[in-house]
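To keep things clear, I will list the structure first and then write my remarks on it.
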Amino acid sequence: MAHSLSGPGKRAPGPRFRLDLMPYLFILPAVVIYVVFNLGPVLASFVFSFFKWDLLTPTAEFAGFKHYNFIINDERFWGALSHNFIFLGLAVVIPVAIGLLLAVFIYEIRRGRVFFRAALFLPAIFSGVVIAYVWKWIYHPFAGVLNPALELVGLGAFTQSWLGDHKIALYSTFIAYTWASFGYSMVIFLAGLQDIPTDIFDAARVDGANFRQKLFRVTIPCLYDVFTFVITLRIFTAMGVFGVIYILTGGGPFYSSDVIDIYVFRMIGNFEMGWATAAATFNTIIVVCLSTGFIKWREWRSWSS
Amino acid sequence: MEFVSSNLQRRLRGAPFYAMLVAATVITLIPIIWVFASALKSNKEIRENALALPQEWRFQNYIDAWFGASFDQYFFNSIFITVTSVAIVLFLSSLAAYAFAKMRFRGNQLIFFVFLIGMAFPLSAKLGPLLSLMYELNLANSRIGLILVYVAGSLPFAILMLRAFFQGFPQELEDSAALDGCSRFQFYLRILLPLSKPSLMALGIFVFMGTWNEFFQALLLINEDSKRTLPLGLNAFQDEYFTDFALSFAGINITAVPVIIVYIMFQRNLIEGITVGSVK
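These protein sequence lines are chains A and B, in that order. One point on numbering: in our numbering, the residue at position 217 of the first sequence is 1327, and numbering is uninterrupted. One point on numbering: in our numbering, the residue at position 122 of the second sequence is 178, and numbering is uninterrupted.
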């Protein structure tokens, strides 16, 4: 650390200049842990995706784009990525819309705000493992509650093998994901609503706006930046979904609910580190482009309007 | 009279919102209630009617589940790993955030930005080399190793949040402390930290929940039963007892109850921790 500081010290202008080491001491422990156990491995993933690996150890032998060539010709890679995108498309709409509506409802009532917020947020506090097992039992073919419940209310035609049918397994996992994530959108929207000056809503009411007009003409435009944040959060969680799907279906049946993080995890488990790091780097570039692109687009739109 | 009617009107206006909220709450909580009810039934009851309430409350299921796996060990591991991680995160992030917020030094903006980009990467971006590194450092399959990984993962958000909070502190406070002969570390320890208790609390609960619930990295790095955290332990338990319905339900609840208790106690702090970064 001290070595890297010699630069600015030499260029110091006045004779009274003394290099202040204090700030560097304050940040040093955080920097070391962060670089070694977080940022370093990310960069190493990128670098060593171009090198051959010997089981868990990267070698000095350059592999070029060999690993990338493998993954872009692997239909399971594209399958997994497309499932992430299906998840993403659903995740930026459904949990966000549910969260927004519930936040507006809670905002409109006078008594019981804290209770409803706490009760509706409850599923969001659990580990993905707990969430997945709750839903694994709900969907269970013998002990599950969903099929008998559907029969009870006369929707017997909808009973099915929720996790065993390759056409719907991905969507079944999405329901579990939604159950556990609309709460985040809800509490963030609610905090955003409470930051809006109330006279805007009073004015809308005096002008005789109904609920729908108020929602689309006042509330949603006022929450522009909050929407950006909520949707960015969904981009990260949908592109990085792992635990819920890993436990509910393991990516199956027949890879029909496979996602990138399960793909990478499987590759690491098979000691195919070259493919794993290439797939992870590929995915990282997509996620970074998606999220920063989305944020820039939202900023540009708010300036230009 | 007019007052009463407008009051009534206002109440009626809220009625549809209450109706929707009650319906949403019931739908949201039914899965949890159902899992709790099922854990008190016998396997035969569950097989015959998954919807029915338990005929008698079989708390024995919890005892059998507890002794069916090393839940006491998983609890200890989770508490040890989570509490240590939270303490380290709070200490290191507050130190760094103080420097970023209040001190002038070369590279301040740049190093802070390097921390920020840590939040833009998906988790899988680092996993391969992380596993190699942990084996290299003899930290694979180790609780200390997992703590270091969790701390490194939480630092970017923690520093971002505390830096924003510390920036709101008036400079005069620090200047007058310096006049009284207070060093910067003393100022941090004696004045800044005590004044930041609510923020540290919100951040601490937020990091606690995230660390307590973490599964992906733990699954990759831990493979010995005695070192499993609760999410890993529950996963292993479910694999083993998947045919024993009642025990599986009880196992889910054993894992869920502590989180619910912490949530009931610190619900406001947790939600503050989640929303503080978003609205500001």
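Note that beta-carbon positions come from the ideal geometry of N, C-alpha and C, so glycine has one too.
With a threshold of 7 Å between beta carbons, B/L148 makes contact with chain A.
As summarised for the stretch 1183-1269 of chain A, there are no continuous beta strand (DSSP E) elements at least 3 residues long confined to that stretch. Between A/V1244 and A/S1414, the alpha-carbon positions lie close to 46 Å from each other. Excluding the 5 residues flanking it on each side, B/V205 has same chain C-beta neighbours closer than 6 Å at Q273, in chain order. For A/G1254, the C-beta contacts it makes with chain B under 9 Å involve A106, in order along the chain. Counted as a single uninterrupted DSSP element, the stretch harbouring A/F1381 is not any beta strand (DSSP E), since DSSP gives it neither H nor E. In this structure, the alpha-carbon of A/F1352 lies about 15 Å from that of A/G1189. Interface annotation, A/M1296: not in contact with chain B, CB-CB separation never under 7 Å. Residues F1160, F1161 of the same chain have their beta carbon placed closer than 7 Å to that of A/F1172, with the five preceding and five following residues left out of the count. Looking at the DSSP output, A/P1168 sits in a beta bridge with A/W1163. Closer than 7 Å to the CB of B/R199 there is not a single CB belonging to chain A. Within the stretch 248-266 of chain B, those residues whose Cβ lies closer than 9 Å to any Cβ of chain A are, in chain order, M265.
Each of B/I327, B/A108, B/L248, B/A181 was checked against the Cα of A/A1301, and the nearest Cα belongs to B/I327.
For the stretch 1342-1360 of chain A, the set of positions with a beta-carbon nearer than 9 Å to some beta-carbon of chain B reads L1343, F1346, M1349, G1350, F1352, G1353, Y1356, I1357 in chain order. Around the Cβ of B/N325, a 10 Å sphere holds 16 or more other Cβ atoms; the residue is buried. Between A/L1358 and A/L1273, the gap from beta carbon to beta carbon is short of 7 Å. Of the residues B/G209, B/S255, B/A234, B/G201, the one whose Cα lies closest to the Cα of B/Q223 is B/S255. Taking a C-beta distance under 7 Å as the contact criterion, B/T138 and B/F264 qualify as a contact pair.
Neighbours of A/N1148 across chain B, judged by C-beta separation under 7 Å: G174, K182, A208, G209.
Taken in chain order, the members of the stretch 1392-1404 of chain A whose beta-carbon sits within less than 8 Å of a beta-carbon on chain B are N1393, T1394, V1397, V1398, S1401, T1402. The residue from B/Y130, B/T331, B/Y244 with its alpha-carbon nearest to that of A/G1293 is B/T331. Residues of the stretch 116-143 of chain B whose Cβ lies closer than 9 Å to any Cβ of chain A: none. By the rule that beta-carbons nearer than 7 Å mark a contact, B/A233 does not touch chain A. Look at B/I215 here: in three-state DSSP terms it is helix. Taking a beta-carbon distance threshold of 7 Å, B/Y191 counts as an interface residue toward chain A. The alpha carbon of A/R1344 has as its nearest neighbour, out of A/I1182, A/I1216, A/T1269, A/M1296, the alpha carbon of A/M1296.
For B/A152, the chain A residues whose C-beta falls within less than 7 Å of its own C-beta are F1136, I1137, A1140, listed in chain order. In this chain, B/K182 is not harboured by any alpha helix (DSSP H), its DSSP state being neither H nor E. Around B/V205, the beta-carbon contacts reaching into chain A at under 7 Å are F1147.
Here DSSP, grouped into helix, strand and coil, assigns B/Q294 to helix. Taking the Cα positions, A/W1247 is about 34 Å away from A/Y1217.
Looking at B/L146, B/Y130, B/I102, B/F322, the one whose alpha-carbon comes closest to that of B/N117 is B/I102.
For secondary structure counted as the alpha helix (DSSP H) over 4 or more consecutive residues, the stretch 123-200 of chain B holds these complete runs in sequence order: 127-158, 164-173, 183-192. Rounded to the nearest whole angstrom, the C-alpha separation of A/A1386 and A/C1399 is 20 Å. Here A/G1238 has G1353, V1354 as same chain residues with Cβ atoms under 6 Å from its own Cβ, once five neighbours each way along the sequence are excluded. Considering only A/T1338, A/N1380, A/V1369, the residue with the shortest C-alpha distance to A/R1411 is A/T1338.
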